[in-house]
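Counting from 113, one number per residue, gives the positions in the sequence shown under our numbering. Every residue gets a Cβ at the ideal spot worked out from N, C-alpha and C, and that includes glycine. All of these numbers come straight from a predicted model, not from anything done at the bench. Some notes on the structure that comes next.
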Amino acid sequence: MGIFEQALLVSIFVTIAFIDSHTFQTHIFRPIVVGPIVGLIMGDTATGFAVGVSIELMFLAVIFVGTATPPDPTISTAIATAIAILGGGGTELAVATALPVSFIGQIATTFQNSLINVYFMHRVDNAVSKMNRGAIIRNNTIYPMLMNILLYGVPTFLAVYFGADFVANIIESIPEKIISGLAVGGGMIGAVGFALLLSTIKSKKMWPFFIIGFFFASYLHVNMIGIALLAVACCAIYYYFGSKEINE
Numbered sequence: 113m114g115i116f117e118q119a120l121l122v123s124i125f126v127t128i129a130f131i132d133s134h135t136f137q138t139h140i141f142r143p144i145v146v147g148p149i150v151g152l153i154m155g156d157t158a159t160g161f162a163v164g165v166s167i168e169l170m171f172l173a174v175i176f177v178g179t180a181t182p183p184d185p186t187i188s189t190a191i192a193t194a195i196a197i198l199g200g201g202g203t204e205l206a207v208a209t210a211l212p213v214s215f216i217g218q219i220a221t222t223f224q225n226s227l228i229n230v231y232f233m234h235r236v237d238n239a240v241s242k243m244n245r246g247a248i249i250r251n252n253t254i255y256p257m258l259m260n261i262l263l264y265g266v267p268t269f270l271a272v273y274f275g276a277d278f279v280a281n282i283i284e285s286i287p288e289k290i291i292s293g294l295a296v297g298g299g300m301i302g303a304v305g306f307a308l309l310l311s312t313i314k315s316k317k318m319w320p321f322f323i324i325g326f327f328f329a330s331y332l333h334v335n336m337i338g339i340a341l342l343a344v345a346c347c348a349i350y351y352y353f354g355s356k357e358i359n360e
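Below, the structure is given as structure tokens:
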């Protein structure tokens with residue numbers, strides 16, 4: 113598969129992922145899904161998994177609150193994964209790329225929510241006043257969804273297709289300290305996001321399980337799949353040996 117076909121498929125998937133985020137929300141737009149799928153398209157699924165997991169941790173507790181639009185993880189993961197694979201880099205390179213790219217998605221989302229969607233909603237109001245069912249459907253679903261092609265699909269295609277060699281040359285010229293610094297910054301974002309997530313769990317009875325997971329990950333160097341299996345085992349033990357209400 114050539115670079116044109118790869119860029120086209122990645123851009124199509126990104127567009128579908130954004131449509132899903134606005135409609136059914138099956139969560140194919142999350143980095144942990146985007147990374148492996150883009151990796152499969154680009155011919156390096158292992159890197160896709162690694163990048164998806166790393167960026168998922170970065171955006172784990174990032175949520176849309178009110179009118180505040182957070183940096184976008186979907187387009188960030190797609191472009192970062194593709195560039196990392198084409199540039200021969202690893203997760204550090206992807207994380208360093210994901211941070212600035214996420215702000216591109218943030219700008220596009222802000223533009224979409226504040227201008228494009230408002231425009232179509234006014235058209236829906238006008239269609240409702242005229243009892244025009246077809247216009248309501250088109251302006252409330254079809255037209256706004258097609259805008260995802262321009263806002264997210266086209267930039268993704270251009271970044272993957274035209275930016276591959278260019279980005280590879282830039283990456284080679286970037287000092288290692290900068291790459292490492294951005295990777296550390298991304299790791300800190302992940303740590304803060306995970307800390308915010310843990311702060312929502314108020315029951316002290318659950319903290320021993322987190323300590324067990326930390327011990328296995330930090331001191332025994334068990335990978336994420338092993339930690340997930342350990343979590344399943346802990347849940348089973350908790351259930352079968354007399355579980356009670358978590359928040360008493």
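Burial state of residue i, where buried means 16 or more other Cβ atoms lie within 10 Å
i      : result
Tyr264 : buried
Glu168 : buried
Ala200 : For the record, residue 200 in the displayed sequence is Gly; it is not Ala. So Gly200 counts as exposed.
Ala447 : Nothing about residue 447 can be reported from this structure: the residues present for the chain run from 113 to 360 only.
Met243 : exposed
Val236 : buried
Val122 : buried
Leu172 : buried
Gly178 : Note that Gly178 scores 49 on pLDDT, short of 50, meaning its location in the model is unreliable; the coordinates nonetheless yield the value given after this. It is exposed - the Cβ of Gly178 has fewer than 16 other Cβ atoms within 10 Å.
Leu332 : exposed
Thr186 : buried
Gly246 : exposed
Ile336 : The sequence as given places Met at residue 336; Ile does not occur at that position. Exposed, since its Cβ has fewer than 16 Cβ neighbours within 10 Å.
Phe130 : buried
Ser315 : exposed
Gln137 : exposed
Met113 : exposed
Ser214 : buried
Ile219 : exposed
Ser311 : exposed
Leu258 : exposed
Which of helix, strand or coil DSSP assigns to residue i
i      : result
Gly246 : helix
Arg235 : helix
Asn335 : coil
Phe141 : coil
Met113 : coil
Ser123 : helix
Asp184 : coil
Phe326 : helix
Gly172 : Note that residue 172 is Leu in the sequence shown here, rather than Gly. Coil, per DSSP.
Gly178 : The pLDDT assigned to Gly178 is 49, lower than 50, so where the model puts this residue is not dependable, and the model offers no usable value.
Thr157 : helix
Ser315 : coil
Ala345 : helix
Thr193 : helix
Thr135 : coil
Pro148 : helix
Pro320 : helix
Phe130 : helix
Gly200 : coil
Pro287 : coil
Rounded Cβ spacing between residue i and residue j (contact assumed at less than 8 Å)
i      : j      : result
Ile144 : Phe125 : Rounded, the Cβ-Cβ distance is 14 Å, inconsistent with contact.
Gly164 : Ile197 : 12 Å between Cβ atoms; not a contact.
Asn251 : Phe232 : 5 Å
Thr209 : Gly147 : Contact flag wrong, Cβ pair sits at about 12 Å.
Pro378 : Ile228 : Any property of residue 378 remains undetermined from this structure, which presents the chain solely from 113 to 360.
Leu341 : Gly325 : Their Cβ separation, rounded to whole angstroms, is 11 Å, which puts Leu341 and Gly325 out of contact at 8 Å.
Tyr273 : Phe116 : 6 Å
Ile418 : Thr268 : Beyond the ends of the chain as shown, which are 113 and 360, falls residue 418; an answer cannot be given.
Segment limits, alpha helix (DSSP H) that includes residue i
i      : result
Phe269 : 266 to 273
Asn225 : Neither: Asn225 is in no alpha helix (DSSP H) and is coded neither H nor E.
Leu258 : 255 to 260
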